[in-house]
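Per UniProt numbering, the very first residue in the sequence shown carries number 1; after that it's consecutive. We put the CB at the ideal spot given by N, CA and C, even for glycine. Because the structure is a prediction, the values reported are computed rather than measured. Reviewing the structure listed below.
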Amino acid sequence: MAKNTSSPQLNQQAQALAKANQRPGQSKAQTKLVEEGIRKGIEQYKKQQKAKARELDKARKMRDKQNQQQVEDDSVTEVDDHQQTSPKLPWILLGVSWLIFVVYAGIFH
């Protein structure tokens, strides 16, 4: 006989369902077999639901990881863009200041 490792609540549920679906003239042994089948069905259903939940959790974690990686990549790109445009500004300011100096020197001397 198979080892019974299911919880007491599961056994009670299976027993209640087996008794609720018991046919007139059905022996106790037959009811016990029905109860065992119901219990195995419930256990199998719970295992499937746990596996499904694990797969969904893995998919969610992968999606979160990809989103986090994408955000990090975007922030690195923004920093790179900012660093590439920054060297232009000092040269433009230097050129404008020299232009102003030349115009000033030309007007007052």
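Helix, strand or coil at residue i [DSSP, three-state]
i	result
Pro87	coil
Val103	helix
Local Cβ density within 10 Å of residue i, reported as buried at 16 or more and exposed below that
i	result
Arg23	exposed
Val34	buried
Arg39	buried
Ala18	buried
Ala14	buried
>> To test your reading of the DSSP string, which unbroken beta strand (DSSP E) runs of 3 or more residues are found completely within the UniProt region "Disordered" (1–82)?
In response: The qualifying runs do not exist here; there are none.
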